[in-house]
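Structure first, commentary second.
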Amino acid sequence: MIENLESNYNCANAGQDLHQLKQKLAALQEQGANDQASEDAIHRLENQISFILNKCDINH
Numbered sequence: 851m852i853e854n855l856e857s858n859y860n861c862a863n864a865g866q867d868l869h870q871l872k873q874k875l876a877a878l879q880e881q882g883a884n885d886q887a888s889e890d891a892i893h894r895l896e897n898q899i900s901f902i903l904n905k906c907d908i909n910h
């Protein structure tokens, strides 16, 4: 997983990164957020996806 996204993120990686992040998010959502760590992981993935979409001006 992408650990740190920064303002200098390379949008050339967006397609692959978004695919990976969305797969991980779907898997976590399937399991359900049954504890704080799971909720935090889901929110982090959602934030990373939003960051890439906004930074790279991708319509979703």
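Convert by adding 850 to the 1-based position in the sequence shown; the result is the number in the numbering used here. C-beta atoms are modelled at their ideal positions from N, C-alpha and C, and glycine is treated no differently.
{"Check": "Can you tell me whether D885 is buried or exposed, with buried defined as 16 or more other CB within 10 angstroms of its CB?", "Outcome": "exposed"}
{"Check": "By DSSP, does D907 sit in helix, in strand, or in coil?", "Outcome": "coil"}
{"Check": "Is the region 891–902 close to the region 866–879, with three or more CB pairs under 8 angstroms?", "Outcome": "yes"}
{"Check": "Can you grab the Cα-Cα spacing for the pair A877 / E889, in whole Å?", "Outcome": "13 angstroms"}
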